[in-house]
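A.B. asks:
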Amino acid sequence: MPAPPRPTSEFFDDLTNALLVLRVQAQRQFRPLGPEVLNRRPGPGPGPWSVGECLEHLNIVGGYFLPTIGARLRRAQERGSKPAPTVKNGFVGARLVADLRVPAAEKPRVTPQRYAPTGTRLTRTVTEVYSRQLDELLSLVLRARQVNANAVRIPNPLFPLLRLRLVDQLEYLVLHLQRHAAQAARVLASQPVAS
Numbered sequence: 001m002p003a004p005p006r007p008t009s010e011f012f013d014d015l016t017n018a019l020l021v022l023r024v025q026a027q028r029q030f031r032p033l034g035p036e037v038l039n040r041r042p043g044p045g046p047g048p049w050s051v052g053e054c055l056e057h058l059n060i061v062g063g064y065f066l067p068t069i070g071a072r073l074r075r076a077q078e079r080g081s082k083p084a085p086t087v088k089n090g091f092v093g094a095r096l097v098a099d100l101r102v103p104a105a106e107k108p109r110v111t112p113q114r115y116a117p118t119g120t121r122l123t124r125t126v127t128e129v130y131s132r133q134l135d136e137l138l139s140l141v142l143r144a145r146q147v148n149a150n151a152v153r154i155p156n157p158l159f160p161l162l163r164l165r166l167v168d169q170l171e172y173l174v175l176h177l178q179r180h181a182a183q184a185a186r187v188l189a190s191q192p193v194a195s
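Under UniProt numbering, the sequence shown has 159 at position 159, and the numbering climbs by one with no breaks.
#1: Look at the Cβ atom of D14, then the Cβ atom of G90, and state whether they are nearer than 9 Å.
#2: Rounded C-beta distance between G93 and L173? I'm assuming under 8 Å.
#3: Under 6 Å Cβ to Cβ from G62, same chain only, skipping five residues before and after it: list those, please.
#4: Can you tell me which of T127, T8, R41, L58 puts its alpha carbon nearest to the alpha carbon of A26?
#5: For the UniProt domain "DinB-like" (30–184), which segments carrying the alpha helix (DSSP H) assignment without a break, of at least 4 residues, lie completely within its bounds, in sequence order?
#6: Looking at the unbroken alpha helix (DSSP H) that takes in Q25, where does it start and where does it end?
#7: Rounding to the nearest angstrom, what Cα-Cα distance links A104 and L161 in this structure?
#8: Measure the beta-carbon distance from V187 to V51 and round it to whole angstroms, keeping in mind my assumption that it falls under 8 Å.
#9: With a threshold of 8 Å on Cβ separation, who are the neighbours of L19 within its own chain once the five nearest residues in sequence on each side are excluded?
#10: On the criterion of 16 or more Cβ atoms from any shown chain inside 10 Å, does E36 qualify as buried, or is it exposed?
#11: Quick check: G69 and L166, are their CB atoms within less than 9 Å of each other?
#12: What do you get for K82, buried or exposed, if any count of 16 or more other CB atoms within 10 angstroms of its CB means buried?
#13: Buried or exposed: where does S9 fall if 16 or more other Cβ atoms within 10 Å of its Cβ makes it buried?
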């Protein structure tokens, strides 16, 4: 079920463009928010996350994956890896990416506890960390263009025997960022305008 091979440059251009859109959104929508708005949930109880919790979740996930991706890219560069002409998704990676494309309303997901927001009151630091991680991921995508991203494998913290291709892991991370940034934007739009 893997997607047909795509030109490597086109694949990385798409990821880069998506990340640049997320950076603009982070600067315009999320960075100006104060703690009151960041922590306001759209409904009562522990259900829907606040804007800050959406961003904190993304920061936690980034904290697990970005250092590993950086280390694996460094190893590939040291070995002299060269880019492949096309990007080829792995079977498992393609399924995970396709699954993430299904809207949450159609297929709700349960966040593993390790990646869940902490439940503490969040400060503006959460938006600063989110912005820094977007910049770091942009840098990693740029570096990934220079190696055979089909051959680099990224271990999963929850399932250590699962090692996705770098192309699958990067695509999954970008889709995951888009999904939760859109969730945070919906929460923000549902809040009363501050005077």
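Each residue gets a CB set at the ideal place from its N, CA and C atoms; glycine is no exception.
Note that the structure is a prediction, hence the values are computed from the model and not measured.
C.D. replies: Put simply:
#1: no
#2: At roughly 11 Å, the Cβ-Cβ gap does not stay under 8 Å, so G93 and L173 are not in contact.
#3: Q133
#4: T127
#5: 35–39, 51–78, 91–101, 125–144
#6: 8–25
#7: 27 Å
#8: 5 Å
#9: L134, L137, L138, V141, V174, L177
#10: exposed
#11: With the sequence shown as reference, residue 69 is identified as Ile, and Gly is not the correct amino acid for it. Result yes, Cβ atoms of I69 and L166 sit closer than 9 Å.
#12: exposed
#13: exposed
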